[in-house]
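S.K.: Take the position in the sequence shown, starting the count at 1, then add 740; the result is the number in our numbering. Below: one structure in structure tokens.
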Amino acid sequence: MSKTLSKCINRWQLCDVKVVADLSINFLCYATSPHGEVVLKIEGPHSEGKTEMLALELYRGRNVCLPLEIDYDLDAILLERVVPGISLRKAVSEVEQLRIGVQLVRDLPIPVDSATPLPCYQNWLDRAFSSMRERYNPSESFRNSIYAAEEMAAEIPMNGGSLLHGDLHHDNILLGSQGEWKVIDPQGVIGAPVMECGRFIQNHAVDGHNRLDLQKAYGTVNYVASVLEQSQRKIWIAFFILHVLSFCWGYEMNYTSTKLKKGAGECAAILEAIPG
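Okay, here's the thing in structure tokens:
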């Protein structure tokens, strides 16, 4: 990583470099450059790094943090620094969080060519569900949720034609200097625009202990459905599929058995809430 950092510093004339995060998934630092105040992100050894780079290029700063330089060989991105950069969760009330977040859910998806080299949502589902069957032994309740998610996915075009952020939650939405909101860290996935709402609802419909609040979920889903002009069933399905997918990934991330059990119960509760 130190060699890559040195190359980035020289190539992009960086100074006043301050490390923010040195993680297995990526390396992040603040710096000053000819562009002004910037963020340098060096991706770790994971496929999502390349998809993030391409997604940033496709968004071109439209509601998303602007990429100033991208080097695919170095797996490095130089980004505008969003200032003050306060997250949506900390900046405004819950009512405003919902209003602002759902506006971004609506406005963020953009059409992309089918040949764009990004994964589609169906790829995510197929890979996660196959992994669950081949490598893990989930509870009967969670297996039922996986089967239901597979069936309900047929109601939404999982391969269809829009670029999605894929991880649009409150901490990936930052306040800019002109009062605008900028989204960071896009995963880059192709799917139906309605699927963008799942992660935001998951992050919003929780109580103070980060547990699913089903009553709050009902209100959130109703509001999202009205803004996106979609049926409540479709919004519930998008939320349900994302929640199931998240806990499939949780197995791969070695969640505790207690957390996985909680997730299975939440998925079952969401499934029961989906209207016919």
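Think of the CB as a built atom: it goes at the ideal place given N, C-alpha and C, for glycine as much as any other residue. Values in this document were obtained by computation on a predicted structure and should not be read as measured data.
1) Quick one, are the C-beta atoms of Tyr861 and Val929 less than 8 Å apart?
2) Between which two residues does the alpha helix (DSSP H) harbouring Leu985 extend?
3) Note the first and the last residue of the continuous alpha helix (DSSP H) segment covering Ala1009.
4) Going along the chain, which residues of its own chain have a beta-carbon closer than 6 Å to the beta-carbon of His775, five neighbours each way excluded?
5) So what does DSSP say about Gly931, is it helix, strand or coil?
6) Is the shortest distance between the beta-carbon of Gly801 and the beta-carbons of chain C less than 8 Å?
7) If you compare alpha carbons, which of Glu820, Glu880, Gln837, His905 is closest to Val852?
8) Count the other CB atoms within 10 Å of the CB of Ile765; is the residue buried (16 or more) or exposed (fewer)?
9) Between the Cα of Gly895 and those of Ser997, Tyr770, Ala978, spot the shortest distance and give me the residue it belongs to.
10) Apply the 10 Å Cβ neighbour rule to Leu818 and answer buried if 16 or more other Cβ atoms are within range, or exposed otherwise.
11) Hey, quick one: how far does the beta strand (DSSP E) through Trp921 stretch, first residue to last?
12) For the stretch 876–885 and the stretch 913–924, state whether three or more C-beta atom pairs, one from each stretch, are separated by less than 8 Å.
13) So, for Ala932: in the same chain, excluding its five sequence neighbours on each side, which residues have a beta-carbon less than 6 Å away from its beta-carbon?
14) Under 8 Å, do Ser885 and Leu1011 count as touching if we go by C-beta distance?
15) Could you tell me which residues DSSP puts in a beta bridge with Asp947?
16) Suppose contacts are defined by Cβ-Cβ distances below 8 Å. Is Leu952 in contact with Ala868 by that definition?
17) I'd like to know whether the C-beta atoms of Leu798 and Leu903 end up nearer to each other than 8 Å.
18) Over the uninterrupted alpha helix (DSSP H) stretch that includes Asn766, give me the two end residues.
M.R.: Put simply:
1) Within the sequence shown, numbered from 1, the residue matching residue 861 stands at position 121. Within the sequence shown, numbered from 1, the residue matching residue 929 stands at position 189. In this structure, Val929 lies closer than 8 Å to Tyr861 by Cβ.
2) The residue given as residue 985 occupies position 245 in the sequence shown. Run containing Leu985: 972–992, per the alpha helix (DSSP H) assignment.
3) As a position in the sequence shown, residue 1009 is number 269, starting the count at 1. Annotation for Ala1009: the continuous alpha helix (DSSP H) segment containing it runs 997–1013.
4) Position 35 of the sequence shown holds residue 775. Cβ within range, chain order: Leu808.
5) Position 191 of the sequence shown holds residue 931. Strand at Gly931.
6) In the structure shown, chain C does not exist; there is a single protein chain.
7) Start at 1 with the first residue of the sequence shown, and residue 852 comes out as number 112. The shortest C-alpha separation from Val852 is found at His905.
8) To locate residue 765, count along the sequence shown from 1; it is residue 25. Exposed, since its Cβ has fewer than 16 Cβ neighbours within 10 Å.
9) On the sequence shown, position 155 is the one that residue 895 refers to. The question names Gly, but residue 895 in the sequence shown is Glu. Measuring from the Cα of Glu895, the nearest candidate turns out to be Ala978.
10) Stepping through the sequence shown from its first residue, residue 818 is reached at position 78. By the neighbour-count rule (16 or more Cβ atoms within 10 Å), Leu818 is buried.
11) Here the question's residue 921 lines up with position 181 in the sequence shown. Note, Trp921: beta strand (DSSP E), 921–923.
12) no
13) As a first step, residue 932 must be located in the sequence shown, where it is residue number 192. Cβ neighbours of Ala932 beyond the five flanking positions: Ile896, Pro897, Gly900.
14) What you label residue 885 is simply residue 145 of the sequence shown in a count that begins at 1. What you label residue 1011 is simply residue 271 of the sequence shown in a count that begins at 1. Closer than 8 Å, so yes.
15) In the sequence shown, the residue the question calls residue 947 occupies position 207. Answer is none; Asp947 lacks a bridge partner.
16) Locating residue 952 in the sequence shown gives position 212, counting from the first residue. Locating residue 868 in the sequence shown gives position 128, counting from the first residue. Taking 8 Å as the Cβ cut-off, Leu952 and Ala868 do not qualify as a contacting pair.
17) Taking the sequence shown and counting its residues from 1, one reaches residue 798 at position 58. Taking the sequence shown and counting its residues from 1, one reaches residue 903 at position 163. When the beta-carbon positions are compared, Leu798 and Leu903 come within less than 8 Å of each other.
18) The residue labelled residue 766 in the question sits at position 26 within the sequence shown. That residue, Asn766, is in no alpha helix (DSSP H); its beta strand (DSSP E) goes 766–773.
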